[in-house]
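Undergrad:
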Amino acid sequence: MASAILMDKKKAVREQLIGAINMAFLHDNFISSYTLAWAALDLMRDLLKNEESKTILDRYLENWKTEGRKEVLKALRAPYNFSKHADRDADKIIDMPTRQNCSLIILFCCWFYETTYGKRTLEMMFFSAWFMANNRKMIEPEFLVGLETPMLRYEGDGGIQALRVDLRQCNAEESYVKTSALALNIPDLELQ
């Protein structure tokens with residue numbers, strides 16, 4: 003009989019988030035990725051409720067008009083809630099999450115993870131660099147600090163392929179993660 007694998011909430015969030023990144027970018031499975039990313043975000047939000055800390059998503063939504071904030075959050079959560087509840091609207095059909103929707107929620111999760119735990123994994127760093135390289139107009143300049151070098155690799159049409167190569171290497175070789183962390187000089191990288 004195999005021994006039990008011990009897990010704390012941090013590891014649960016980390017594994018959910020890495021899984022969401024891999025599902026979206028290695029397998030183009032946006033429904034599962036979106037659901038997993040929201041589960042990670044909900045877990046982090048629940049962990050910080052006692053600390054009265056706001057998530058990146060909460061801060062992002064504060065920029066919306068008060069009357070529009072709930073609608074934005076409801077629209078972002080709709081595919082997640084749809085996939086969790088079968089007791090209502092059993093015959094309902096909705097638009098499935100796109101790479102863009104999925105990417106935005108994963109980005110919020112990556113930033114929230116780093117804010118919460120002070121570290122990020124290489125997968126989170128690669129994903130964040132890819133997102134920022136291809137969505138610069140959406141990102142405040144303060145979030146780009148330290149990601150300039152990896153961002154160059156992910157710009158433009160070949161960026162998604164470069165991200166896939168890096169994610170596959172992360173999954174295949176532990177030495178790749180350590181070598182990349184040293185080469186990119188990432189002090190806050192979390193090695194598992």
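So the sequence shown is numbered by our numbering: it starts at 3 and just counts up by one.
The C-beta atom is built at its ideal place from N, Cα and C for all residues, glycine as well.
#1: Nearest to Asp48 by CA position, among Thr118, Ser34, Ser85, Ala22, is which residue?
#2: What residue range is occupied by the uninterrupted alpha helix (DSSP H) comprising Arg16?
#3: Apply the 10 Å Cβ neighbour rule to Pro189 and answer buried if 16 or more other Cβ atoms are within range, or exposed otherwise.
#4: According to DSSP, is Met127 helix, strand or coil?
#5: Using the C-alpha atoms, what's the distance from Glu73 back to Glu116?
#6: For Lys11, which option in Phe128, Leu50, Phe27 has the closest C-alpha, if you only look at C-alpha atoms?
#7: Shortest alpha-carbon distance to Ala41 belongs to which of Asp91, Ala6, Phe110?
#8: Quick one: residues in its chain with C-beta nearer than 8 Å to the C-beta of Ala6, no 5 flanking neighbours on either side, listed in chain order?
#9: Comparing C-alpha positions only, which one of Phe27, Asn83, Glu17, Met98 sits nearest to Phe129?
#10: Leaving out five residues on either side along the sequence, give the residues of the same chain with a beta carbon under 6 Å from the beta carbon of Asn187.
#11: With a threshold of 8 Å (Cβ to nearest heavy atom), would Asp48 be considered close to the ligand HEM?
#12: Beta-carbon separation of Leu43 and Ile107 under 9 Å?
#13: Put Ser5 into one of helix, strand or coil per three-state DSSP.
#14: Where do the ends of the alpha helix (DSSP H) carrying Arg47 lie?
#15: Which of the three DSSP states, helix, strand or coil, is assigned to Glu195?
TA: The structure says:
#1: With respect to the C-alpha of Asp48, the residue from Thr118, Ser34, Ser85, Ala22 having the closest C-alpha is Thr118.
#2: Segment 11 to 28, the alpha helix (DSSP H) holding Arg16.
#3: At Pro189 the pLDDT is 49, less than 50, meaning the model places this residue with poor confidence; the figure from the coordinates comes in the next sentence. The residue in question, Pro189, is exposed, as its Cβ has fewer than 16 Cβ neighbours within 10 Å.
#4: DSSP places Met127 in helix when its eight states are reduced to three.
#5: Put simply, the backbone Cα of Glu116 is about 27 Å away from that of Glu73.
#6: In terms of CA proximity to Lys11, Leu50 leads the group Phe128, Leu50, Phe27.
#7: The residue with the shortest Cα to Cα distance from Ala41 is Phe110.
#8: No residues qualify anywhere along the chain.
#9: Ranked by Cα distance from Phe129, the first of Phe27, Asn83, Glu17, Met98 is Phe27.
#10: With a pLDDT of 48 at Asn187, under the threshold of 50, the modelled position of that residue is not reliable, and the figure given next carries that caveat. Annotation for Asn187: no residue places its beta carbon closer than 6 Å to its own, counting only its chain and skipping 5 residues before and after.
#11: Inclusion of the ligand HEM in the displayed structure is not the case, the ligand content being empty and no account of it being possible.
#12: Closer than 9 Å, so yes.
#13: Note: Ser5 maps to coil in three-state DSSP.
#14: Arg47 -> alpha helix (DSSP H) spans 32 to 50.
#15: Nothing can be reported for residue 195: it is not among the residues displayed for the chain, which extend from 3 to 194.
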